[in-house]
Every structure is written in structure tokens, then in C-alpha cells.
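Protein chains in written order, with UniProt numbering: chain A, 1 to 221; chain B, 1 to 392. Cβ atoms here follow ideal geometry from the backbone N, Cα and C, with glycine treated the same way. Bear in mind the structure is a predicted one, so any value in this text is a computation, not a measurement. Notes follow once the structure below has been shown.
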């Protein structure tokens, strides 16, 4: 799988996030020469909470209380679970969601959708999307995924991605958006993930990123 | 459907290719008709379900559609048989003797049609007449000559370099390159042996894994790489390490250099077993498939540009030092391990926007000019396309 970085938009202190920012971010992307729009993308995240079988007994302590489930736009047949506390990732077939519904051992508590526009720029693919809280479609954040197609090694692509990030930040700053994009930093080694990029890496990135997005949106409200 | 005359084996390959493309088009239209027919039948069923009064009309329509669909299926079967016979679906005609370097259009398992496995400059012209093709070939060669040998325009340069620049007798045969038998050519005494060259490169660049293949072995490996990539498994297949190879260096036709996570480069030798490099191409380590060969082209822009530049480097090495062309080429290739980490020697940045190409690229031009004393040659500088000076 090819290397991806994930960033989220941090609005300036005191400003609120609106859809206007999403439009402005897309305009920045489109302002680079040679960028072409490549359709839309959509990923979905579910926050599961454990439902104890017997309400009177305390929940066993070694089982995770919270579980994140992610369906990624580029892997429609798969579903990934991330257990942040145990640092575990599970990759399953997408039909596992039906199993979860039937088992009812974990119930989906709230849902976040990522959706937006996709761009192709030479060897890079950019995906800018809104982070929407499912029931009421409230905008919680804006994320951007950057993919560098020729490389799959995290290590070898580090410098390329860093420089791209700098170029992107400069462009965003020069267009005077009310905030900046912050990269999601993850220690993949803790999750047992190696140098070769996989969907598991993406799942972990999204898990971390969403935490930061929710934190920053709560702060600004 | 109007009857189509069969392409006899006496027909010229371009006509066969044209007919194959035509049949593929018909097949696609038939499939579309069938889909439409199925839609109409479904619609008729729905209508008759909602509106019992119209059920008789719907039944008539359905019967009519059924007839039409049956005819379409029969036609499709015929076209399919014709395509199969002409080798389109199986790629069996890859190495026909008189195919003029043309291949039948190949239908890949995912439905994509590969019309021309031929030189990219003349893509789209396989159905044209021989005169057109010759004209296009001449244009392609003059363009290339201007690009790769700009110094040939200049007479003075030509005269002064007359002694040292010799064009090798076997320039890369672009038109009629086909897999040849591998003659048992012994390397001459003046030229170093292939095994020695590879060993010395391996010690010079320990980060690069070098493997050698016979031509057919490489085709199989290229195909297998495609399926491994689709697994998206964490482990890459184990590369054949140099010491485990069979000792039959006199049949080696393809050298593969892999720098983990950075590139996969293919160099072909012509004739097989010699130390004369013939073509070179750079690919991403995550690419796989039958287009992975020394005359193929990567799908990624960065590697496309490096490959184009490598063509020039190869020509330069062949013309300035034919006996050591392979060693120079391999050293030069190995210097690309830092392709994604070394900053441009002119502007000190890694990524730069190339205005004319509208692409962000790392420095893909590494100068290949040799010093007069050619030991300790180190191809250490790198430039962006826009930063490199013209004659490098």
C-alpha cells in the first residue's frame, strides 16, 4: 500500500469551523498547477462501546470498553477495528459489521463520516474532507489525506512527505485561511506496525486524528 | 450483424490487429445491448406487477426482448470464438514470427484492453499502412536524436570528438526487437566478465540487491510481482541473492537492481550473456506486471523521468566507454538510492514544482559525465529538471 499522511485543520483561536473553510482548502488545492479533481471519497468511523451481558456484574477488566471501527474509502470490502488502549488493530471483511450488530456485545454509540473531494497531482493524491458527526451532520472538523503513490516505505518517504507538508502549509498560510493543518503524529511501533505502509497504518492515523479533531472542536465551541 | 471476413493467416498483421480491435468493439456493443435488454425485461416485469392491465403487453415485450437477447448472445458467442481464434484473449500470439513487432490486442482479466504492446512513440498507429509507420518511425527517431544527441547538431563538436566517440554497432533495435536465442558469446579478454562486474557493484553498493535472469524467467517474475502486490502483504518476496544464482551467466539477459523501498531497475543485456547493456528502466518497488521490463515505463511520474534520463546516460556510457558501459551504468543506477532523500545540488530542496510539467518532483537528474580518470567515479550530485543545466 502506498504511504499516506493525515492532517486535520486547526482553526485559529476564537474562530469557528464552517463549511467555508472546506471550500477554501479545496481552492488552495486547486490552485496548484497540474492538479486535477478525481471524484469524491468517503470513509466512516463508528465508536463502539461494550455492552455487558449481565448488568449486575462488573465488566471484566481485560476486555476493552471502547472500540473504533473504520471503513476506508479505498478498501470497500474490509473493515478495520482499532483498540487504542491495547494498541491492537484487527482487519476483517466488511460483513463483520453485520456480525457486530447481531452479537450486540458492542453497540455503536456514535458515528463519524468523512467525505469530500479527491485530487490527483502528479504522483500525489490529495483527499480533503469534512468530518461530520452522523446524526445531525454537524461539522466537527476538516481532514486531509496525502498519498504518495510511488513509495510504500514510511522511512524512505519521510522527507518527501515532510517537504510536501511544508509546501501545503505555506500555500494555506498564503491564502489566509483561518487556521492551519496539523499533521497526525503516531508512533506506529507501539501498534506493532512496521515500515511498510498498510491499511492498519491508515486505521491508526484516523483513530488518532479523530481524537484530536474532537478535542479541538470541543475547545472551540 | 454483417458477416465479417475471416482474417486468414495470409493477412498482414496490422490488418489482423485492426480486425481484432473491430471485433472487440462489436463485442462491447453486444454486451451493452444485452444489458439494455435485461433492463427492459426487468422494467416490463415491474410494470406488469404494478399494473395488471398492462401485463399482456408486458408479456409480449418480454418475449420480444428474449428473442433479441438470444440473438445477441449467439452473436457474442461467434465474436468471442473469432477473438479466441485470433489469440486476443489468451495473448498466445506474443511471439509469432512474422508479427512485425505487433501484438494482438490483449484483453486482461479485469476487462481492460491492451491494444498495443509496442513502442510508445508509435502508439495508435499499428493499424496504419506501412508508409505511415515508416514516416512516423523516422519522425520518432529524429526527435529522439535531437533529444539525446543535441551535440550532433554541432559540427565542430563532432569533429573534435571523432576519435573518442564511437557509436556501437548494435544501437538499440527499437523496431524489431524480439526475444532472440541466446548465443554462447564469450566475453572478450579486454572486457570484464559479467560476474565480476556484478560482484564489484554489489560490494560498492551494499544497499542494492542485484539479481540476474534469463529473459523468460524475468517475464514470469514480472507477472508474479503483480499478484504479490495485490496481496498487499507486509513481506516483499525474497529477492534472489547474487550468490544463489545458477552459474550460467552466459544466458543472462536481464539484471534487476532493487533498493528496498526506493526503486526497482531493470537493465537488459544484448546479446544475452554479454556485458553490453541495451536498455534500462526504473520502476517503483511496488509495481508489478508484464509491463515491467527494460523498455517499459513506470506509471509514476518520478520514475518516468528518471528512466528518460537513464536512456541518455546509457547512450553516453556506450559511446564514451563501451567496454565499461555496464559498470558505469550500474554504479550510476546505484547512486539513485538517495532519490527520495538527497536534496538538489542547486536549490537545496528535495521537492520542487516543475512549472512546465506541473508536477512536484524530487531531483531526478543525476549527472553522468565521466571524468578523464575514471576511477573513484562518484555520481553524487542530483538536480531537479529545472535546475540541471542543459548539457548535463
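| query | result |
| --- | --- |
| Across the stretch 250 to 265 of chain B and the stretch 107 to 123 of chain A, are there enough close Cβ pairs to call them in contact, namely three or more that are closer than 8 Å? | no |
| What are the residues of the stretch 151 to 175 of chain A that lie near chain B, defined by any Cβ-Cβ distance shorter than 7 Å? | 151, 152, 153, 155, 156, 157, 159, 160, 163, 164, 167 |
| What runs of the beta strand (DSSP E), each 3 residues or longer, lie entirely inside the stretch 93 to 173 of chain A? | 106 to 121, 124 to 133, 138 to 148 |
| For residue 208/A and residue 206/B, what's the separation of their Cα atoms in angstroms? | 37 Å |
| Spatial neighbours of residue 202/A within its chain, please: C-beta separation below 7 Å, excluding the five flanking residues on both sides. | 4, 72 |
| Is residue 52/B helix, strand or coil when you go by DSSP? | helix |
| Per DSSP, which one or two residues make a beta bridge with residue 280/B? | 267/B |
| Under the rule that 16 or more other beta-carbon atoms within 10 Å means buried, what is residue 103/A, buried or exposed? | exposed |
| Measure from the C-beta of residue 62/A to each C-beta in chain B and report whether the shortest distance is under 8 Å. | no |
| Assign residue 286/B to buried or exposed, taking buried as 16 or more other Cβ atoms, counted over all protein chains shown, within 10 Å of its Cβ. | buried |
| Can you tell me whether residue 366/B is buried or exposed, with buried defined as 16 or more other CB within 10 angstroms of its CB? | buried |
| Please state the DSSP three-state secondary structure of residue 197/B. | helix |
| Going straight from the alpha carbon of residue 177/A to that of residue 338/B, what length do you get? | 35 Å |
| Give a single yes or no on whether residue 23/A has its beta carbon closer than 7 Å to a heavy atom of the ligand MG. | You won't find the ligand MG in this model; it holds no ligand whatsoever. |
| Of all the CB atoms in chain A, is at least one closer than 8 Å to the CB of residue 360/B? | yes |
| Does the separation of the CB atoms of residue 132/A and residue 17/A fall below 8 Å? | no |
| Specify, as a first and last residue, the run of the beta strand (DSSP E) that residue 252/B falls within. | Run containing residue 252/B: none; DSSP gives neither H nor E here. |
| Once the 5 residues before and after residue 235/A are set aside, which same chain residues still bring their CB inside 6 Å of it? | In the structure displayed, chain A extends from 1 to 221; residue 235/A sits before or after that span and is not available. |
| In angstroms, rounded to a whole number, what distance separates the CA positions of residue 157/A and residue 108/A? | 36 Å |
| Could you check the C-alpha separation between residue 50/B and residue 134/A for me, to the nearest Å? | 36 Å |
| Answer yes or no: do residue 360/B and residue 164/A have a C-beta to C-beta separation smaller than 8 Å? | yes |
| Considering only DSSP beta bridges, list what residue 209/B is partnered with. | 258/B |
| Output, in chain order, the set of chain B residues within a Cβ distance shorter than 7 Å of residue 116/A. | Ordered by position in chain B, no residue passes the 7 Å Cβ test against residue 116/A, which lies about 21 Å from the chain. |
| Taking the alpha-carbon of residue 59/B as reference, which of 33/B, 143/B, 203/B, 48/B has the nearest alpha-carbon? | 48/B |
| Against chain C, with Cβ distances strictly below 8 Å, would residue 341/B count as a contact? | The chain inventory of the structure shown lacks chain C, comprising the protein chains A and B. |
| Step through the CB atoms of chain A and report whether any lies within less than 8 Å of the CB of residue 302/B. | yes |
| Output the distance between the C-alpha atoms of residue 43/A and residue 113/A, rounded to the nearest integer angstrom. | 6 Å |
| Taking DSSP as the reference, what is the three-state secondary structure of residue 385/B? | coil |
| Counting only the same chain and skipping the five closest in sequence on each side, list residues whose C-beta sits under 6 Å from that of residue 330/B. | 201 |
| For the pair the stretch 279 to 295 of chain B and the stretch 211 to 225 of chain B, tell me if three or more CB-CB distances fall below 8 Å. | yes |
| Would you please verify whether the beta carbon of residue 191/A is less than 8 Å from any beta carbon of chain B? | no |
| Assign residue 133/B to buried or exposed, taking buried as 16 or more other Cβ atoms, counted over all protein chains shown, within 10 Å of its Cβ. | buried |
| Would the beta-carbon of residue 149/A fall within 8 Å of that of residue 2/A? | yes |
| Rounded to whole angstroms, what's the CA-CA distance from residue 386/B to residue 26/A? Just pull it up for me. | 28 Å |
| Just the chain B side, please: which residues come within less than 8 Å of residue 2/A by C-beta, in chain order? | 286 |
| Which residues in the same chain as residue 166/B place their Cβ atom closer than 8 Å to its Cβ, once the five residues preceding and following it in sequence are excluded? | With a pLDDT of 41 at residue 166/B, under the threshold of 50, the modelled position of that residue is not reliable, and the figure given next carries that caveat. Hits under 8 Å: 319, 322. |
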